[in-house]
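**Student:**
Residue numbers (my numbering), protein chains in the order written: chain G, 1347 to 1891; chain Z, 1309 to 1579.
1) Please name the residue, chosen from G/1684, G/1389, G/1427, G/1395, that lies closest to residue 1855 of chain G on a Cα-to-Cα basis.
2) Please compile the residues from chain G whose C-beta is within a distance smaller than 7 Å of the C-beta of residue 1512 of chain Z.
3) Less than 6 Å between C-beta atoms, sequence neighbours within five positions excluded: which residues of the same chain meet that for residue 1653 of chain G?
4) How long is the line joining the alpha carbons of residue 1436 of chain G and residue 1552 of chain Z, rounded to whole angstroms?
5) Tell me which residues share the same chain as residue 1356 of chain Z and place their Cβ nearer than 7 Å to its Cβ, disregarding the 5 neighbours each side in the sequence.
6) Provide the residue(s) that pair with residue 1496 of chain G in DSSP beta bridges, ordered along the chain.
7) Can the beta-carbon of residue 1560 of chain Z be found closer than 8 Å to that of residue 1446 of chain Z?
8) Taking the alpha-carbon positions, what's the residue 1421 of chain G to residue 1826 of chain G distance?
9) Quick one: Cα of residue 1394 of chain Z to Cα of residue 1476 of chain G, how far?
10) In angstroms, rounded to a whole number, what distance separates the CA positions of residue 1603 of chain G and residue 1524 of chain G?
11) Could you tell me the boundaries of the alpha helix (DSSP H) in which residue 1671 of chain G lies?
12) For residue 1817 of chain G, name the three-state secondary structure that DSSP assigns.
13) Are the beta-carbon atoms belonging to residue 1655 of chain G and residue 1630 of chain G less than 8 Å from one another?
14) Taking the alpha-carbon positions, what's the residue 1810 of chain G to residue 1438 of chain G distance?
15) How many angstroms separate the CA atom of residue 1638 of chain G from the CA atom of residue 1694 of chain G?
16) Return the residue from the list Z/1486, Z/1492, Z/1449 that minimises the CA-CA distance to residue 1465 of chain Z.
17) Let's test the definition: count the other Cβ atoms within 10 Å of the Cβ of residue 1533 of chain Z and tell me whether it reaches 16, buried, or not, exposed.
18) Using a Cβ-Cβ cut-off of 6 Å (strictly less than) and excluding sequence neighbours within five positions of residue 1880 of chain G, which residues of its own chain qualify?
19) Answer with buried or exposed for residue 1328 of chain Z, where buried requires no fewer than 16 other C-beta atoms within 10 angstroms of its C-beta.
20) Which residue's Cα is closest to the Cα of residue 1607 of chain G: G/1668, G/1673, G/1863, G/1672?
21) Would you tell me roughly how many angstroms separate the C-alpha atoms of residue 1407 of chain Z and residue 1557 of chain Z, rounded to the nearest one?
22) Tell me the DSSP bridge mates of residue 1522 of chain G?
23) Against residue 1524 of chain Z, what residues of chain G qualify as contacts under a CB-to-CB distance less than 9 Å, listed in chain order?
24) Can you find the residues in the same chain that come closer than 6 Å, C-beta to C-beta, to residue 1379 of chain Z, ignoring five residues on each side of it along the sequence?
25) Does the beta-carbon distance from residue 1822 of chain G to residue 1748 of chain G come in below 8 Å?
26) Looking at the C-beta of residue 1875 of chain G, does it have a partner C-beta in chain Z at a distance below 8 Å?
27) Got a sec? Which residues, its chain only, sit under 6 Å from residue 1381 of chain G by beta carbon, not counting five neighbours each side?
28) For residue 1571 of chain Z, I'd like the list of residues in its chain whose CB is within less than 7 Å of its CB, leaving aside the five on either flank, ordered along the chain.
29) Could you please give the first and the last residue of the uninterrupted alpha helix (DSSP H) stretch that includes residue 1393 of chain Z?
30) Are the beta-carbon atoms belonging to residue 1389 of chain Z and residue 1411 of chain Z less than 8 Å from one another?
31) Can you pull the chain Z neighbours of residue 1625 of chain G, defined as C-beta to C-beta under 8 Å?
32) Note down, one range per segment and in chain order, each beta strand (DSSP E) of at least 3 residues found wholly within the segment 1610 to 1689 of chain G.
33) Taking only three categories from DSSP, how would you classify residue 1563 of chain G?
34) Could you tell me the distance, in whole angstroms, from the CA atom of residue 1680 of chain G to the CA atom of residue 1475 of chain Z?
35) Skipping 5 residues on each side, what residues in its chain have a beta carbon closer than 6 Å to that of residue 1479 of chain G?
36) For residue 1391 of chain Z, is the classification buried or exposed, using 16 other Cβ atoms within 10 angstroms of its Cβ as the cut-off for buried?
Right, here's the structure in full:
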């Protein structure tokens, strides 16, 4: 009997091997996902490999199948529901016909991009006592080779198998019980995974970390509050001599990468305590700034601070958008940055020098940005015990929702928010893991609104706007065919990039806290929108080649 | 079998060790269902300080809501001390309202914060005047068409069954006399004119860029596509008429206020 079993097993093994060989002979090899693929961004239109589509954060696709003329025929193809609480704030990634997306409460999925059917599901067992001020969310995977990378709510960074969702390595970044958490999508650069931590509302000391993609070992760390040995430490003055140790500067959306300069660019979070700067006099570098770091070493090359001595909770955690422009007849390599403080900045991305700063919403805190790069402050803007009205409010002129940049048309599309707040301030003592805001903001009676705005990057002037019915948190996507996808009140909407005319909409049934992406599959362009806990894929109803 | 038992015991021990303290069985005395610190001046002061540090960031410095909801009307909405304690202790799954870790926040802290919040929503105890029985008659004659009290009345305006526990007399007075200026979301007055020329008044229940949902003055829930409307006007004035002295004399007003101030919901609802 035992001999028979062994023989059968051997026969099965041989037969299986033959079948496998035969199958392999018929099948194309699985495509690999390389560092060069990440650098190529959206050159391959079947893919979406980084948070904003390419390292420059353009969120602008070269696809042209869906046009202003035919977008009215866009119809839902499938929906995927997470069966979780919470909401999507993630940018889905697409590679080789599979969507990889993270969800709330540290979940993630691989989904068939043709049908919306789940392939695998990832879920992290989270510890009790999580501290996360602003949503138990995640903003997406990073991807390279056969691995996906993500940050976690308990302030770890993990690698999981792209094929199975199984955990491959798991590295702690910081103690979650002290208010550290991870929500940013990673930025994968060469052989490193770049991430950071959220938690400025709990007095964390923010940082940007690089981890080895293979081992998960930390390669470098850049602290976003300048310590005693760092240049800029003198910008932390005042009665709290340890203010820099709990000074905020969190990192909760990904940065950009310029392979030619080998620099990564990252926007940093607000200073802490949020609304009381009395004990942290000075500019408080490098909070509310953009930092340019050497991608290999994490060394600071330059910085530009958007809001020196931030006391309004204006994180600069928006997308740095890299662009090559001709300004005043000169070719310039720039960073475009629509900041939460209400100004739209153009910076030289090799030096960090200000080229232009102009408001893109109504602001009452600064009259203008001076040629030396510092804001010219207006009076009566400091949060107080009695309350001080300042515009924008602490949710800002824009926020984490990613913008898009159409380099052909020279237009930057951003979800802009018009709102003012009454800023209160009081003394707060730092206690690890406790809230550390030093004040709060009160809603004002006037009704705030938001709008999709197109900014001409050559001049900084507004070209057009579309006003939403309510405050929108939606990101933006644009395409070469002249469309802009954005939305509000649960509506995914398509606009004419030249005029801002609304051409199409679909009520998804839940508020939008992310941006759409687009990809080709089987010759059809799809637009994929996360809303609530649902992904909806759209394509033209009756498209034929 | 013994090995299995040992394994289960070890697993259970590990599970308990990893369980959060709030998941562990409570020992000793039962937690009170009503706030033992309500009205305690020191507790209110401490609770106010804790509210600023731990709650105001989301709920606003005046607890009237910002990123998080308005907390000044939670008792008015029928919540009990016991339930609110649980919300703070356990959090609301899937939201930014995370559980209050017992290692950081003890029961007394929570009661103190609730004692403070209660002061923001409590009705000031001005000496009651007026005749409640006549006030009820005035109410039945003028208000029941639009307002429910204890299951009787119309639906166009807010349910007033617990209005006395959440709205001070001065607030009720300004609403009645038409000097309030604020309209609760979901009851903003709107006028529509359809393509067919029909003029419809009602209160706005929801709206987006392309549609609006209302309850019209006949209590009919209706949705409209904006593309099918000739006019859409958000009225500044509430649908509720202003009851000036010519419509409601001071004595009847006083009686009505006495009646409304006494509306605290049924016992079951309060529990």
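Built from N, CA and C at the ideal position, the CB exists for glycine as well.
Just so you know, these numbers come straight off a predicted model, no measurement behind them.
**Tutor:** The short version:
1) G/1427
2) Here the premise fails: no neighbours, minimum Cβ distance about 11 Å.
3) 1634, 1660, 1687
4) 54 Å
5) 1424
6) G/1504
7) yes
8) 20 Å
9) 17 Å
10) 30 Å
11) No alpha helix (DSSP H) contains residue 1671 of chain G, which is instead part of the beta strand (DSSP E) from 1667 to 1673.
12) coil
13) yes
14) 29 Å
15) 11 Å
16) Z/1492
17) exposed
18) 1425, 1427
19) The pLDDT assigned to residue 1328 of chain Z is 38, lower than 50, so where the model puts this residue is not dependable; a value taken from the coordinates is nonetheless given after this. That one is exposed.
20) G/1668
21) 51 Å
22) Answer by DSSP bridge pairing: none, since residue 1522 of chain G is not bridged.
23) None at all; the shortest Cβ gap to chain G is about 20 Å.
24) 1367, 1371, 1425
25) yes
26) no
27) 1536
28) 1457, 1468, 1469, 1470, 1471, 1472
29) 1389 to 1398
30) no
31) Chain Z residues near residue 1625 of chain G: none, gap ~15 Å exceeds 8 Å.
32) 1635 to 1640, 1646 to 1651, 1667 to 1673, 1676 to 1684
33) coil
34) 56 Å
35) 1547
36) exposed
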